[in-house]
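If you use this note's numbering, the sequence shown corresponds to residues -14 to 429, in order. Just so you know, even glycine gets a beta-carbon here, dropped at the ideal spot from N, CA and C. Let me begin by presenting the structure, written as structure tokens, before commenting on it.
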Amino acid sequence: MAGRYKAYPAYKDSGVEWLGEIPEGWQLLPCRSIVNNIVEKNDNAKDQNYLSLMANIGVIRYEDKGDVGNKKPDDLSKCKIVRKGNLVINSMNYAIGSYGMSEYDGVCSPVYIVLEPILSLVERRFVLRVFENKPFQKYLSIFGNGILEHRSAIGWDNIKGAYIPLPSKEAQQTIAQFLDYETAKINALIAKQEQLIELLKEKRQAVISHAVTKGLNPDAPMKDSGVEWLGQVPEHWKVVRLKHLLREPLLYGANESAESQNLEHPRFIRITDIDSNGLLRDETFRSLDPEIAKGYMLSDGDVLLARSGATVGKSFIYRGIWGDCCFAGYLIRASFDHKIIEPEFFYLITQSKFYHEWINSSLIQATIQNVSAEKYNNLHIALPSSKEINKILLFLKIKDKQFIELVNKATMAVNLLQERKTALISAAVTGKIDVRDWQPPSVG
């Protein structure tokens, strides 16, 4: 960072451990001197514009966020008033980016912290960038209450005494403009990489979808499968229902709470344990008593299917390398007859576009979305010969490796850009770089 931008001519010790040295001429003030804590109740629920915070997005109107996160309370009289330009912080999720400057008048959850910058001393955008500074966030998280660091609740009492470095208002304005310009450029680059990742995922799904329903021979004679979502399939393939590929009936998991973490007991797999790559997360490990688990144990090649909720249709193929495992009640176990089908082939079917179209058409709309074992039993599958299955699996293994390499490369680029943005914000608001002479590039 210092290589591209110059430093200030002289520095002084701030006396604040997380901050280190700050430029000569900068003040060091507690937060209570630059922002006021606003606790204005929505008496008689007169304001109905409910606002929410979304991590790394900021303050949005509740109706704009869709079916994500906490629900709007029926009674808004206990909410806090928010004015346009207020800084709003989710006291539970500040460390994961749940904060922002409101563009709206409205009301918010009483657990949110609402701050109004003291404009005689500070620029609004500079204050936002101060609270965006990761070292400052990490410092405040020390005072949080909670089991998980990123879910540690902080309050105004923790914030008000925290010291921040403050340049002149003129310098604040320049720093804010500089960061708005530079972070917008970085965000645009991040968006391009994220778009590339999505395109690669779509391409991967398309390759899988074609291979598991059309095969690898483009000249193979085709026939109508008789199943709308499958369309035409190779003439020599069979169209069978899932239930005819199983060595035993589909099985619902154990309806038990996931409280134990005994490494000597079978792992208790829940849908939340499965990451986006189809692997088990180490950090969410839970176990089940062996006596309870014995009726729900998994064998190598078993496929788990999510039957309800937002993850309905999500799948996981179990491998013996994970050790003894059982599974939870919102999952269904499919144990395959290996003489008929390779479980990996079915697992790849669950990654296809056609499978997800079938899931959407099969959903039972109740209090939560649900696809029952009976529905899964009747899922139609285009089944090639064992020899052809093995060729398809080898082909997709090679293709998958290529996609993974490209996605990893793009993901690494996103991470590096995020790190650069974080470092730039921190350096600018703490005076590690001097941008007072910065001017926005002229247009044209």
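{"Asked": "Just to confirm my understanding: we take Gln226, look at its own chain, exclude 5 residues before and 5 after, and list those with CB closer than 7 Å. What are they?", "Found": "Rather than Gln, the amino acid found at residue 226 in this sequence is Arg. Result list for Arg226: Asn362, Asn363, Leu364, His365, in chain order."}
{"Asked": "Closer than 7 Å: is that where the CB of Gly10 sits relative to any heavy atom of the ligand FAD?", "Found": "Inclusion of the ligand FAD in the displayed structure is not the case, the ligand content being empty and no account of it being possible."}
{"Asked": "With distances taken from CA atoms, which of Ile193, His341, Ala412 is nearest Lys384?", "Found": "Ile193"}
{"Asked": "Put Gln157 into one of helix, strand or coil per three-state DSSP.", "Found": "helix"}
{"Asked": "DSSP three-state label for Glu342, please.", "Found": "helix"}
{"Asked": "Using a Cβ distance threshold of 8 Å, determine whether the segment 111 to 131 contacts the segment 404 to 422, with at least three qualifying pairs required.", "Found": "yes"}
{"Asked": "Within the same chain, show all residues whose beta-carbon is closer than 7 Å to that of Glu373, passing over the 5 residues directly before and after it, in chain order.", "Found": "Gly200"}
{"Asked": "State the DSSP-derived secondary structure class of His365, mapped to helix, strand or coil.", "Found": "strand"}
{"Asked": "Report yes if the C-beta distance between Leu72 and Leu113 is below 8 Å; otherwise report no.", "Found": "yes"}
{"Asked": "Over what stretch of residues does the beta strand (DSSP E) that includes Arg8 continue unbroken?", "Found": "It should be pointed out that residue 8 corresponds to Pro in this sequence rather than to Arg. It spans 6 to 8 - the beta strand (DSSP E) in which Pro8 sits, taken as one unbroken run."}
{"Asked": "Please say whether Tyr303 and Cys311 have beta carbons closer to each other than 8 Å?", "Found": "no"}
{"Asked": "For Leu201, which three-state DSSP category applies?", "Found": "coil"}
{"Asked": "Can you give me the C-alpha to C-alpha distance between Ile325 and Leu181, rounded to a whole angstrom?", "Found": "38 Å"}
{"Asked": "Can you list, in chain order, the residues of its chain whose CB lies under 8 Å from that of Tyr89, leaving out five sequence neighbours each side?", "Found": "Asn34, Leu36, Val44, Arg46, Val67, Lys69"}
{"Asked": "Ignoring anything shorter than 4 residues, give me the alpha helix (DSSP H) runs that lie fully in the segment 93 to 136, in order along the chain.", "Found": "109 to 117, 119 to 126"}
{"Asked": "Using the Cβ count rule (16 or more neighbours within 10 Å means buried), how would you classify Gln424?", "Found": "exposed"}
{"Asked": "By DSSP, does Pro(-6) sit in helix, in strand, or in coil?", "Found": "coil"}
{"Asked": "Rounded C-beta distance between Leu125 and Ile144? I'm assuming under 8 Å.", "Found": "7 Å"}
{"Asked": "Please state whether the Cβ-Cβ distance between Leu381 and Ile171 is less than 8 Å.", "Found": "no"}
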